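**Student:** Protein chains in written order, with our numbering: chain A, 699 to 956; chain B, 699 to 956; chain C, 699 to 956; chain D, 699 to 956. Cβ atoms here follow ideal geometry from the backbone N, Cα and C, with glycine treated the same way. Everything numeric in this text was worked out from a predicted model, so none of it was measured.
4 protein chains.
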Amino acid sequence: MANKINLNADMGESYGAFKMGDDEGLLKIVRSANIACGFHAGDANVMHQVVVRAKQEGVSIGAHPGFNDLWGFGRRRIDMAPRDAEYAVVYQIGALQAMARYAGLKPTHAKAHGMLYTMAAEDLELALAIGRAIKTVDPDLIYVVLPDSEMERAAERLGLKLAREGFIDRMYNDNGNLVSRKMPGAVIGDPQVAAERAVRMALDGEIVAASGKRLKRRVETLCVHGDEPAAIAVATAARRALEAAGVAVVTLPELVNA
Amino acid sequence: MANKINLNADMGESYGAFKMGDDEGLLKIVRSANIACGFHAGDANVMHQVVVRAKQEGVSIGAHPGFNDLWGFGRRRIDMAPRDAEYAVVYQIGALQAMARYAGLKPTHAKAHGMLYTMAAEDLELALAIGRAIKTVDPDLIYVVLPDSEMERAAERLGLKLAREGFIDRMYNDNGNLVSRKMPGAVIGDPQVAAERAVRMALDGEIVAASGKRLKRRVETLCVHGDEPAAIAVATAARRALEAAGVAVVTLPELVNA
Amino acid sequence: MANKINLNADMGESYGAFKMGDDEGLLKIVRSANIACGFHAGDANVMHQVVVRAKQEGVSIGAHPGFNDLWGFGRRRIDMAPRDAEYAVVYQIGALQAMARYAGLKPTHAKAHGMLYTMAAEDLELALAIGRAIKTVDPDLIYVVLPDSEMERAAERLGLKLAREGFIDRMYNDNGNLVSRKMPGAVIGDPQVAAERAVRMALDGEIVAASGKRLKRRVETLCVHGDEPAAIAVATAARRALEAAGVAVVTLPELVNA
Amino acid sequence: MANKINLNADMGESYGAFKMGDDEGLLKIVRSANIACGFHAGDANVMHQVVVRAKQEGVSIGAHPGFNDLWGFGRRRIDMAPRDAEYAVVYQIGALQAMARYAGLKPTHAKAHGMLYTMAAEDLELALAIGRAIKTVDPDLIYVVLPDSEMERAAERLGLKLAREGFIDRMYNDNGNLVSRKMPGAVIGDPQVAAERAVRMALDGEIVAASGKRLKRRVETLCVHGDEPAAIAVATAARRALEAAGVAVVTLPELVNA
């Protein structure tokens, strides 16, 4: 039974004049920020803003690399050669490392975005490519993975630190993968439902799939999606419920490097 | 009278299926590579390829950040706020730093590309923005500048290492700026003419402007443009002529950090 | 004294997952829609949606071409050769013409976006380039112009139909150009102030500049910017005030082709 | 036995400063041009240039729409909703229709590019989406299809004119699909081999697969890829061999609308 856990959110997903998500609100609730790096979303300006504010809020930062598909927001399945994906991930992590110097911060984790994450969970070659990218840029980075997926296997094989992730605002298939966003009900917008799922994941290491099936999944970090309308309410409810249940909500390096 | 000088070339300017320049040929001739970082040109794949080959050839590497204008190849004048430019340059240098780890290399210089370079030569605010970017990411980076320009002033004001640059394949105006590429004769394609200019710049610190006027300009590095058809011939002729004149052609850090 | 006028708004400026403006709300208030065409903003999906809804609301449609600068939302000054701008405008109008077939509509006007509009107002060559683009694609298209600008002169010289435009939510300089968005107070968010300005423009052909100076400007169409937070409130107040003052609010072709 | 056939090539695939293929050379050999429309490659400038030169050479033009994936040159498999693909194709055809007005031409065919073509050959929904796009924009457009594919079925179901295509410079699988470019030998660079295949396709309606298997495939148009190094040699050899065999090489509308 976990007495501490991490709460993370994707952010920095605005692009130029296009605004996405409420980074400011999320930074006051979560403890780790996955920062978009300019491929599926994000730009140098918003990266700068997020790293500076993350520092002020004591939030740890990580790279959130995605496919080079701004229009599709990194959510379209793209058949990318693992080597190409690896280099694209290195590039994106490096960009964030440089931006983080404005805040005197170092990225401490990396989490693939959207369809890159989904595909890497099922494709060992892609998962290894992301892992090699992490190892090349900074072998101390924590590889955020879907539990019991090819990403977890890749992190282990490469000897990388890892954090297993649960999604408190997403439904799961029986195999532990996320239900596609194209399906109705895939995203959970009710803060209380999400909060209960968060506590269950933290305390019981258990995720309830869409079918009702209980999946045993140990998780070290819980994710809230910053671009959903209910993001702030969901994150707030989850944090309160976790703390009420005696689970401390800490940054990823506090948890993993402890 | 200089007994050594640097020869640099822009490279890594291919993009996906679009090929640009003969990086392989240039890497055997020049001693420093300005590597495009994905904004005006370049991508993670070509960056990877160039850093690996640069290492093998003993060529020092630097970032070649440009405007986020792939279509215009960074050559269109864009009115960009200095802060926006600064962050964009930090992002690009960081991306290269990460890619360079594949070769165990560190970028040792930064040189703005195309219109960003041209505008920064005349605009102190923009030149300072680029300088602050360099200082933020790695204060040891050498800022490559047009001699007697706002870039040179910015580098001095910020206490940065600098290298003054001469263009052996471009015509100059009387004020020491480059003749616009839109003007006929702006680009020098004759290897012998370029080689003679190179020697004159190195030995006499002198550039002959389009009008015939002689400009006194001390330069530590000479540039060949990699995307010109005559690039290889120009670079080869320049290197031979320099060495025949007793000028050693060395990497930028060998020259500046000596 | 005008007894009818057009009310237009920029729309279709979302891009993939990035949402911009309240097209649905605006389509119920304005009578003409300037639809972004995928360069500074917009994509085929949102174009489709807007043309279908415009048809249902009886709103006339026009192309809203901009610079190929998604990151800058077409608001950065870009030095683009007039011929390049011309072809880019032809391309964008053509794309909208095709999308409009889904609604059985034809675009009836063209209005340059953002900095392309601002620059064309002051640069006859650029204004003529946009005019030639219009003439090439469909010589019946109405060229929306800033009154007494180079755009108005270009439209006249090319024998194009034109509509002079007033901005009810933007401040003016004494020369009749818009105050830059970079200046405080450039955008008017108070619906009542905007509504009064609308009536004054319609009834008196008069615009009050930031300095208080009164500019005589005959206008046939009034613009509300769809991406401003107050857009719906401003448009609603303006339409009510115009109708209360006895000015009918009609589509651009109803007005110009009458 | 065919006594006439069409020869087509993809062109207009340059992008800004990035040059691709030898459009000028191809326009003197082939009779129909598939013009990239700015998504996977191409821009308004190169579209203008190609339509003007096509007119002078008597070459018929068609749209060559692709995925919005410039970096991947439209060759990466992207999971795009059929409706999204449909609108993207409408947009691209419309852009070309407008550009074609400079030459007084109308596009007379449409041919999907790269992976969009490959996927539509196997996916009826996607093939129908492209067909609906064609029908929406101009129901007289000829839909260029892989013979015996879902594209052919889609064209028939929608009542569209069609032209079945053979690739003289690509190897085939036994099922009549193209061997992936990732496989060695997928592209045929030997002009004589390509020319013989062209004649066999034209006279015998027969394609020899990589395995040696003979596939009966009636084709009305033969394709040469403009971005291959041997494109000009291959196209020249094919045209000569066809004419020597008594097969007239004509434009697509001459063939299909005859």
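1) Which partner residues does residue 709 of chain C have in the DSSP bridge list?
2) For residue 845 of chain D, count neighbouring Cβ atoms within 10 angstroms of its own Cβ and tell me buried if that reaches 16, exposed if not.
3) Output the boundary residues of the beta strand (DSSP E) element that contains residue 862 of chain A.
4) Cβ of residue 834 of chain A less than 8 Å from any chain B Cβ?
5) Determine, for residue 795 of chain B, whether the minimum Cβ-Cβ distance to residues of chain A falls below 8 Å.
6) Interface residues of chain D around residue 766 of chain A at Cβ under 9 Å?
7) Chain A partners of residue 791 of chain B, CB-CB under 8 Å?
8) Would you grab the beta carbon distance between residue 843 of chain C and residue 820 of chain C for me? Rounded to a whole angstrom, and I think it's under 8 Å.
9) Are the CB atoms of residue 732 of chain A and residue 766 of chain A nearer to each other than 8 Å?
10) Tell me whether residue 792 of chain D sits in a helix, a strand or coil according to DSSP, three-state version.
11) Take the Cβ of residue 754 of chain C as the centre, count every other Cβ of all protein chains shown within 10 Å, and call the residue buried at 16 or more, exposed below.
12) Between the beta-carbon of residue 945 of chain D and the beta-carbon of residue 936 of chain D, is there less than 8 Å?
13) For the region 882–889 of chain B against the region 923–934 of chain A, do three or more pairs of beta-carbon atoms, one drawn from each stretch, fall closer than 8 Å, so that the two count as touching?
14) Examine chain A for any beta-carbon lying closer than 8 Å to the beta-carbon of residue 875 of chain B, and answer yes or no.
15) Can you tell me which of A:718, A:728, A:877 puts its alpha carbon nearest to the alpha carbon of residue 896 of chain A?
16) Which runs of the beta strand (DSSP E) fall wholly inside the region 839–895 of chain C and span at least 3 residues, in chain order?
17) Straight-line CA distance for residue 916 of chain B to residue 894 of chain B?
18) Based on the DSSP output, what are the partners of residue 970 of chain A in its beta bridges?
19) Please tell me whether residue 715 of chain A has its Cβ less than 8 Å away from any Cβ of chain C.
20) Could you list which residues in chain D have their beta carbon closer than 7 Å to that of residue 778 of chain A, in chain order?
21) Mind reading off the beta-carbon distance from residue 664 of chain C to residue 955 of chain C? Whole number of angstroms is fine, and I expect it under 8 Å.
22) At a CB-CB cut-off below 7 Å, which residues of chain A make contact with residue 799 of chain B?
23) Starting from residue 954 of chain A, follow its DSSP beta bridges and name the residues at the other end.
24) Figure out for me which residue from B:929, B:900, B:740 has the closest Cα to the Cα of residue 711 of chain B.
25) I'd like to know whether the C-beta atoms of residue 720 of chain B and residue 929 of chain B end up nearer to each other than 8 Å.
26) Output the boundary residues of the beta strand (DSSP E) element that contains residue 803 of chain C.
27) Give me the residue from B:789, B:822, B:768, B:759 with the minimum Cα distance to residue 803 of chain B.
28) Cβ of residue 985 of chain D less than 8 Å from any chain C Cβ?
29) By the criterion of Cβ-Cβ separation under 8 Å, what are the contact partners of residue 741 of chain A in chain C?
30) Is the Cβ of residue 788 of chain D closer than 8 Å to any Cβ of chain C?
31) Give me the subset of the region 812–841 of chain A whose CB atoms are less than 7 Å from a CB atom of chain B, sorted by chain position.
32) Assuming the contact rule is C-beta atoms closer than 8 Å, residue 826 of chain B and residue 874 of chain B should be a hit. Round their C-beta distance to whole Å, please.
33) Where do the ends of the alpha helix (DSSP H) carrying residue 835 of chain B lie?
34) List the endpoints of the continuous alpha helix (DSSP H) containing residue 938 of chain C.
35) Hey, residue 795 of chain C and residue 735 of chain C: beta-carbon distance below 8 Å or not?
36) Across which residues does DSSP place residue 704 of chain A in a beta bridge pair?
**Tutor:** Reading it off the structure:
1) Counted from its first residue, the third sequence places residue 709 of chain C at position 11. DSSP, once it has assigned bridges, lists C:733 as partnering residue 709 of chain C.
2) Looking up residue 845 of chain D in the fourth sequence gives position 147. Buried is the label assigned to residue 845 of chain D, since at least 16 other Cβ atoms lie within 10 Å of its Cβ.
3) For the purposes of this step, residue 862 of chain A is identified with residue 164 of the first sequence, where counting begins at 1. Its beta strand (DSSP E) spans residues 860–865.
4) Counting from one through the first sequence, the residue named residue 834 of chain A turns up at place 136. Taking Cβ atoms only, chain B reaches closer than 8 Å to residue 834 of chain A, which makes this a yes.
5) Translated into positions along the second sequence, residue 795 of chain B becomes position 97. Answer yes: the Cβ-Cβ gap between residue 795 of chain B and chain A drops below 8 Å somewhere.
6) Within the first sequence, residue 766 of chain A is the residue found at index 68, counting from 1. The contacting residues are 767, 769, 770.
7) Taking the second sequence and counting its residues from 1, one reaches residue 791 of chain B at position 93. Residues of chain A passing the Cβ test: 796.
8) Position 145 of the third sequence, counted from the first residue, corresponds to residue 843 of chain C. Position 122 of the third sequence, counted from the first residue, corresponds to residue 820 of chain C. Actually they are not in contact, since the Cβ atoms of residue 843 of chain C and residue 820 of chain C sit about 12 Å apart, beyond 8 Å.
9) Residue 732 of chain A sits at position 34 when you count from the first residue of the first sequence. Residue 766 of chain A sits at position 68 when you count from the first residue of the first sequence. Taking 8 Å as the Cβ cut-off, residue 732 of chain A and residue 766 of chain A do not qualify as a contacting pair.
10) As a first step, residue 792 of chain D must be located in the fourth sequence, where it is residue number 94. Helix, per DSSP.
11) Here residue 754 of chain C corresponds to residue number 56 of the third sequence, with the count starting at 1. Exposed, by the Cβ-count rule.
12) The count along the fourth sequence starts at 1 and reaches residue 945 of chain D at position 247. The count along the fourth sequence starts at 1 and reaches residue 936 of chain D at position 238. Not closer than 8 Å, so no.
13) no
14) Position 177 of the second sequence, counting from 1, holds the residue named residue 875 of chain B. No - not a single Cβ of chain A is within 8 Å of the one on residue 875 of chain B.
15) As a working mapping, residue 896 of chain A is identified with position 198 in the first sequence. Nearest C-alpha to residue 896 of chain A: A:728.
16) Whole beta strand (DSSP E) segments, 3+ residues: 840–843, 860–865.
17) Residue mapping note: residue 916 of chain B aligns to position 218 of the second sequence, counting from 1. Residue mapping note: residue 894 of chain B aligns to position 196 of the second sequence, counting from 1. Cα-Cα distance, rounded: 16 Å.
18) Outside the shown range of chain A, which is 699 to 956, sits residue 970 of chain A, and nothing can be said about it.
19) In the first sequence, residue 715 of chain A corresponds to position 17, counting from 1. For residue 715 of chain A, the answer is yes, since a Cβ of chain C falls inside 8 Å of its Cβ.
20) Looking up residue 778 of chain A in the first sequence gives position 80. By Cβ distance, chain D contributes 774.
21) The structure shown does not extend to residue 664 of chain C, since chain C is modelled only from 699 through 956, so no value can be given for it.
22) On the second sequence, position 101 is the one that residue 799 of chain B refers to. Residues of chain A passing the Cβ test: 834, 835.
23) The sequence position of residue 954 of chain A within the first sequence is 256, counting from 1. Looking at the DSSP output, residue 954 of chain A shares a beta bridge with no other residue.
24) On the second sequence, position 13 is the one that residue 711 of chain B refers to. Nearest option by C-alpha distance: B:740.
25) The count along the second sequence starts at 1 and reaches residue 720 of chain B at position 22. The count along the second sequence starts at 1 and reaches residue 929 of chain B at position 231. Yes.
26) Position 105 of the third sequence holds residue 803 of chain C. No beta strand (DSSP E) contains residue 803 of chain C, which DSSP labels as neither H nor E.
27) As a working note, residue 803 of chain B is residue 105 in the second sequence. Selected option, being the one with the closest Cα: B:759.
28) Residue 985 of chain D is absent from the structure shown; chain D starts at 699 and stops at 956.
29) One-based indexing of the first sequence puts residue 741 of chain A at position 43. Correct list: 769.
30) As a first step, residue 788 of chain D must be located in the fourth sequence, where it is residue number 90. Cβ-Cβ to chain C under 8 Å: yes for residue 788 of chain D.
31) 834, 835
32) Against the second sequence, residue 826 of chain B aligns to sequence position 128. Against the second sequence, residue 874 of chain B aligns to sequence position 176. That belief does not hold up - the Cβ atoms of residue 826 of chain B and residue 874 of chain B are roughly 19 Å apart, past 8 Å.
33) The sequence position of residue 835 of chain B within the second sequence is 137, counting from 1. Residue 835 of chain B -> alpha helix (DSSP H) spans 822–835.
34) Within the third sequence, residue 938 of chain C is the residue found at index 240, counting from 1. First-last of the alpha helix (DSSP H) with residue 938 of chain C: 929–942.
35) Residue 795 of chain C sits at position 97 when you count from the first residue of the third sequence. Residue 735 of chain C sits at position 37 when you count from the first residue of the third sequence. Cβ distance not < 8 Å, so residue 795 of chain C and residue 735 of chain C don't count as in contact.
36) Position 6 of the first sequence holds residue 704 of chain A. Answer is A:919, A:948, bridged to residue 704 of chain A.
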